[in-house]
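If you use this note's numbering, the sequence shown corresponds to residues 5 to 302, in order. For every residue, glycine included, the Cβ atom is placed at its ideal position computed from N, Cα and C. Structure first, then comments.
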Amino acid sequence: MNEPRHIVPISGKDSLATAIMLKTQNPERHYEYVYNDTRMELPETYAWLELVERTLGITIIRAGKNLESIIYEQEILPSPRRRFCTKYAKIYPMHDFIGKDNAVLYIGIRADEDRAGKEEKRNIAVSYPLKEMRIGLPMVYRIVESKNLMPPAFFWKRVYDAVRLELGHDAAVIDTLPRYVFDRAFAWRSRPNCFFCFYQRRYEWVGLLEHHPDLFIRAEKIEGEVGMSDKIREHAYYWIDASLPLSRVRERSEHFIQSRVNALVKMFRKRLQLEIWDGTLLDELDLAQTSCGLYCGK
């Protein structure tokens with residue numbers, strides 16, 4: 005029987021840690037590294053992928069499909085209830101990439117995550133190296149940081165400065181944060197996936213508006229042409245929900261920024277008496293990173 009293909013999707017820190025560990029353990033094995041590019045990714049993500057290639061001396065194959073075209077073909081915006089974006093732009097292209105070959109697909113689900121994996125197919129076996137090696141979030145950070153290849157942090161200086169100002173003398177608590185808590189607390193984006201991902205929270209949309217206004221305008225255009233199309237005009241749907249178009253996010257941007265600052269300040273003040281910062285802070289802040297699937301910012 006022919007040796008199966010060994011395929012490692014790379015889309016974020018967990019999948020990259022998986023790739024690094026696999027190559028370290030089996031340096032002679034030929035791995036195929038794949039990024040499911042929807043053509044709607046953030047500029048920071050593309051720059052990070054190029055850095056990974058240069059640093060590790062690998063080629064990351066692009067195997068996705070144009071999501072904007074898919075949205076216009078479907079004539080409706082993707083949403084948590086209509087997640088055709090992942091299916092058509094990422095999953096199906098991955099299946100096409102593998103074809104009928106026997107393959108092992110290495111998925112970056114950590115040992116400290118409780119989430120479903122990928123269903124195996126007749127010719128595709130699925131492996132979860134991080135789970136098997138009992139690697140959780142702190143170790144993932146150490147692995148990726150050791151190569152200086154952390155995904156974009158999307159640091160939001162405006163929010164950081166505002167939080168420090170409101171905390172006053174208590175702002176010193178920020179300096180005690182582990183890197184993985186700091187990055188996720190002061191980021192304007194929780195995952196390096198599509199710039200118009202419907203899983204974004206309101207403050208993340210405002211972050212997009214501030215850092216990439218051209219992409220925000222592009223998302224507004226798609227929302228206006230598809231979410232308000234004649235086909236569904238009586239039941240308009242926007243990227244966020246049926247009552248909040250992006251034009252309203254633009255108008256209320258200062259409100260959403262202040263809400264984010266308030267949430268961070270509240271958490272830090274509550275935690276001032278703790279001697280140890282741990283991963284429970286992430287859930288308390290509603291910073292658990294939600295994405296469309298195993299190929300999205302994972």
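**Prompt:** Measuring CB to CB, does TYR110 end up less than 8 Å from PRO133?
**Reply:** yes
**Message:** So within the stretch 29-92, which uninterrupted beta strand (DSSP E) runs reach at least 3 residues, ignoring any that extend past its ends?
**Reply:** 35-39, 64-66
**Message:** Less than 8 Å between the C-beta atoms of LEU212 and ARG254, yes or no?
**Reply:** No, they are not a contact pair.
**Request:** To the nearest angstrom, report how far apart ASP116 and ASP18 are at their CA atoms.
**Result:** For ASP116 and ASP18, the distance between alpha carbons rounds to 12 Å.
**Stretch-stretch touch, CB-based, cutoff 8 Å, three pairs: the stretch 163-177 with the stretch 142-149** = no
**Request:** Let me know the alpha helix (DSSP H) ranges lying completely inside the stretch 107-152, each 4 residues or longer, listed in chain order.
**Result:** 133-136, 141-149
**Message:** Using CA atoms only, rank isn't needed, just tell me which of PHE272, SER257, THR59, VAL38 is closest to PRO154.
**Reply:** Checking the displayed sequence, the identity of residue 154 turns out to be Met instead of Pro. With distances taken between Cα atoms, MET154 lies closest to THR59.
**Message:** Per the DSSP calculation, ILE11 is bridged to which residue(s)?
**Reply:** GLU36, LEU109
**Message:** Let's see if you can read the secondary structure: which residues bound the alpha helix (DSSP H) around PRO155?
**Reply:** Looking at the DSSP string, PRO155 is not in any alpha helix (DSSP H), and its letter there is neither H nor E.
**Prompt:** DSSP three-state call for ALA176: helix, strand or coil?
**Reply:** helix
**Request:** Can you give me the Cβ contacts of LEU141 inside the same chain, cut-off strictly under 8 Å, excluding the 5 residues immediately before and after it?
**Result:** ARG114, ASP116, TYR184, GLY283
**Request:** Give the DSSP-derived three-state secondary structure of PHE199 in the structure shown.
**Result:** coil
**Prompt:** By a C-beta neighbour count over all protein chains shown, 10 Å radius and 16 as the cutoff for buried, is THR63 buried or exposed?
**Reply:** exposed
**Request:** Could you tell me whether the stretch 97-106 touches the stretch 245-252, where touching means 3 or more Cβ pairs closer than 8 Å?
**Result:** no
**Asked** Between ARG138, SER83, ILE261, ARG206, which lies nearest to THR22 when the distance is taken from Cα to Cα?
**Response** ARG138
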